[in-house]
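In terms of the numbering used here, the sequence shown opens at residue 406 and continues consecutively.
Where a beta carbon is used, it is the ideal one built from N, C-alpha and C, also for glycine.
If you're wondering where the values come from, they're calculated on a predicted model, not measured in any experiment.
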Amino acid sequence: MPTYNRMKTQTIPGLEIKVPKATAFAYETDPMMLKSHQVCVVVGKRGSGKTLASVNLMNRMKYDRVFVISPSVHSNRAMMDMLKIDPEDVYDVDDLDSIDDIKAKIDAERDDYERYHEDMKKYREFMKKIHSDESIFSLDEDALMSFYRNGKFQKPVHKWNGRRPHMAVLFDDAMGSQLFTKGVRKLSKLSIYSRHLGQLKEGGALGVSLYFLVQSWKAQVGGLTKAIRNQATSLIIFKTANEKELQDIQESCGGEVSRDTFHGVYNKATDGEHNFLLVDMHYKKDVHPSPYRKNLNEFIVPDDFLKH
406 MPTYNRMKTQ
416 TIPGLEIKVP
426 KATAFAYETD
436 PMMLKSHQVC
446 VVVGKRGSGK
456 TLASVNLMNR
466 MKYDRVFVIS
476 PSVHSNRAMM
486 DMLKIDPEDV
496 YDVDDLDSID
506 DIKAKIDAER
516 DDYERYHEDM
526 KKYREFMKKI
536 HSDESIFSLD
546 EDALMSFYRN
556 GKFQKPVHKW
566 NGRRPHMAVL
576 FDDAMGSQLF
586 TKGVRKLSKL
596 SIYSRHLGQL
606 KEGGALGVSL
616 YFLVQSWKAQ
626 VGGLTKAIRN
636 QATSLIIFKT
646 ANEKELQDIQ
656 ESCGGEVSRD
666 TFHGVYNKAT
676 DGEHNFLLVD
686 MHYKKDVHPS
696 PYRKNLNEFI
706 VPDDFLKH
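What follows is the structure, encoded as structure tokens:
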């Protein structure tokens, strides 16, 4: 094979790649938390602790609004209460219109956000005129009617105090459902475009994070599609006796380390009851020593990862 150690390079001025301000991770999260937005896949057999782990993670991600597509919300009521889920944001797994309804609600959040900021601009202009030397009779009547309430002028209000709402969708116990069979193309499309939902006039989008809780990484029918698996930004993996499944997962997310090292990390993380391996494929390299964790609170730093 030819060697290239004697090659020369020559820089072309002015053609450097420039990264735009808007990024795939538009929301600030706590230093030890994952970036947002997420497409998180949680894999574990029944009773492994998938829901408990996911709800704890989502709670620490500080979502303002969580949509749930699951048949088991009521049986997990105590855990779901942690996420303060509105009953109107809970959907059945066989409801093929659920994705469209959630997208419409995200657009409505976008409209409320943009309306608030437009109204705040009008309010500031109106109050400036109120405190100027202009005659009160020159003031806009519509503005007077909009801002004068209960005997005084009041600022516009917004449910999230002018913030972009941080939102997520949780899919739990949905494998084999109508949504994962007849509606699978719609589901795959959602995973691809999730961070672009609720596009804003100012640029960017509200977006939404997705959490898929499944019993197997792959299925012949009614499971995660390749499109969803390829969009994953993080994985939570519980103990499995299926070596082929573990190999498939390793090939999807173990590029930073060798196969043997990945298995070592996995064995260390899943040792004990209800423990799991968290793989963060877009980890915060400035503050996180590794993309691997045992549960949420213990980083695992393999030797050959340190060599990179």
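Rounded to whole angstroms, what's the CA-CA distance from valine 446 to phenylalanine 617? Just pull it up for me. 5 Å
Are glycine 581 and glycine 627 closer than 7 Å when you measure CB to CB? Between glycine 581 and glycine 627, the C-beta gap is smaller than 7 Å, which places the two residues in contact.
What is the rounded straight-line gap between the Cα of histidine 679 and the Cα of arginine 465? Distance between the alpha carbons of histidine 679 and arginine 465 is about 19 Å.
Check whether the segment 646 to 660 and the segment 603 to 615 touch, using three or more Cβ-Cβ pairs below 8 Å as the test. no
What first and last residue would you give for the beta strand (DSSP E) that runs through methionine 463? Here methionine 463 belongs to no beta strand (DSSP E); instead the alpha helix (DSSP H) covers 455 to 465.
Short of 7 Å in beta carbon distance, which residues of its chain neighbour leucine 457, apart from the five on each side in sequence? Order them along the chain. Correct list, in chain order: Met484.
Sequence-distant residues of the same chain with beta carbon closer than 7 Å to valine 589, five excluded per side: Thr630
From lysine 534 to threonine 434, what does the alpha carbon distance come to, in whole angstroms? 39 Å
Would you call the CB atoms of methionine 572 and arginine 470 closer than 7 Å? yes
Where alanine 637 falls, given that 16 or more other Cβ within 10 Å makes a residue buried: buried
Residue nearest to isoleucine 641 in terms of C-alpha spacing, selected from Val662, Thr675, Ala632, Ala624: Thr675
Going by the beta-carbon positions, is the gap between valine 692 and proline 476 smaller than 7 Å? no
Take aspartate 499 as the anchor and find which of Gly449, Thr586, Thr666 has the nearest alpha-carbon. Nearest of Gly449, Thr586, Thr666 to aspartate 499, Cα basis: Thr586.
In whole angstroms, what is the alpha-carbon distance linking proline 418 and aspartate 524? 45 Å
N-terminal and C-terminal residue of the beta strand (DSSP E) that valine 662 is part of: Run containing valine 662: none; DSSP gives neither H nor E here.
Would glutamate 514 and proline 561 qualify as a contact pair, given that the criterion is a beta-carbon distance under 7 Å? no
Taking all protein chains shown into account, decide if isoleucine 568 is buried (16 or more other Cβ within 10 angstroms of its Cβ) or exposed. For clarity, residue 568 is arginine in the given sequence; the question names isoleucine instead. Counting Cβ neighbours within 10 Å, arginine 568 comes out exposed, since fewer than 16 surround it.
Do lysine 450 and glutamine 715 count as a contact pair if the criterion is CB distance below 7 Å? This structure does not reach residue 715, given that the chain is present from 406 up to 713, and the question cannot be answered.
Give me the Cα-Cα distance between alanine 509 and leucine 439, rounded to the nearest whole angstrom. 26 Å
Where alanine 431 and arginine 411 are concerned, what is the direct C-alpha to C-alpha distance, given to the nearest angstrom? 42 Å
Through-space distance from serine 537 to histidine 601, alpha-carbon basis: 42 Å
I'd like to confirm the pairing. Which residues does DSSP put opposite leucine 683 in its beta bridges? Ile641, Arg698
Quick one: what does DSSP say alanine 610 is sitting in, helix, strand or coil? It is a strand residue.
For a quick check, are the C-beta atoms of valine 473 and leucine 575 less than 7 Å apart? yes
Counting only the same chain and skipping the five closest in sequence on each side, list residues whose C-beta sits under 8 Å from that of glutamine 443. Met466, Ala573, Ser614, Leu615, Tyr616, Thr638, Ser639
Tyrosine 671 to histidine 687, Cα distance in whole Å? 18 Å
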